[in-house]
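Each residue of the sequence shown is one higher than the one before, counting from 29 in the working numbering.
Accompanying notes for the structure given below.
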Amino acid sequence: MCCAQRFACIGDYGFEGQPLRDVSNMIKSWNPEFIITTGDNNYESGEAATIDRNIGQYFHDYIFPYAGAYGTASPKAENRFFPSIGNHDVYTENGKPYRDFFTLPGNERYYEFTRGNLHFFVLNSDPSEPDGTSSTSVQGQWLKQKMAESKKP
């Protein structure tokens with residue numbers, strides 16, 4: 029198989045504590061090239077005061093740039109952490125702490141990235157998404173266009 033990629037996917041994980049420490053240690057033992065999330069990264073309500081404790085503490089070595097209190101950023105000087113925004117992430121200031129904490133492509137609510145031979149599309153399915161969530165919305169049209177342009181699986 030050409031260009032195999034090893035990555036982890038987690039979701040509804042953003043509670044500081046031993047269970048998340050155990051999950052992050054398990055993920056790191058797999059040595060994934062990157063991590064993607066399915067949302068709800070920062071419980072309870074996506075506050076700036078909790079985001080580093082709930083995410084950076086466990087995954088700072090995948091986040092770039094990282095300026096939190098728990099260690100250094102990804103040693104590869106590239107972001108290797110690709111979150112999807114969840115409803116708990118938008119409860120505070122419509123997701124401003126999330127957008128401030130991460131440096132992601134595009135508008136950071138939905139975006140694309142490639143790794144190796146794979147093309148990923150990260151979407152925002154929350155009803156509060158300003159660009160909509162239907163196939164005819166701005167986000168839906170963006171996805172159709174980007175998928176049509178993609179030359180990767």
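The beta-carbon is built from N, C-alpha and C at its ideal position, and this holds for glycine as well.
Take the alpha-carbon of Ser178 and the one of Tyr90: they are about 25 Å apart. Where Leu132 is concerned, there is no enclosing alpha helix (DSSP H), because DSSP gives it neither an H nor an E.
Per the Cβ contact rule, the stretch 36-49 is not in contact with the stretch 91-104 (fewer than 3 Cβ pairs under 8 Å).
Cα atoms of Asp80 and Arg34: separation of roughly 25 Å, rounded to the nearest angstrom. Counted as a single uninterrupted DSSP element, the beta strand (DSSP E) harbouring Arg143 occupies residues 139-143. Ser52 and Cys37 have their C-alpha atoms spaced approximately 11 Å apart.
By the neighbour-count definition (other C-beta atoms within 10 Å, threshold 16), Glu157 is a buried residue. Here the alpha carbon of Lys174 sits roughly 17 Å from the alpha carbon of Ser153.
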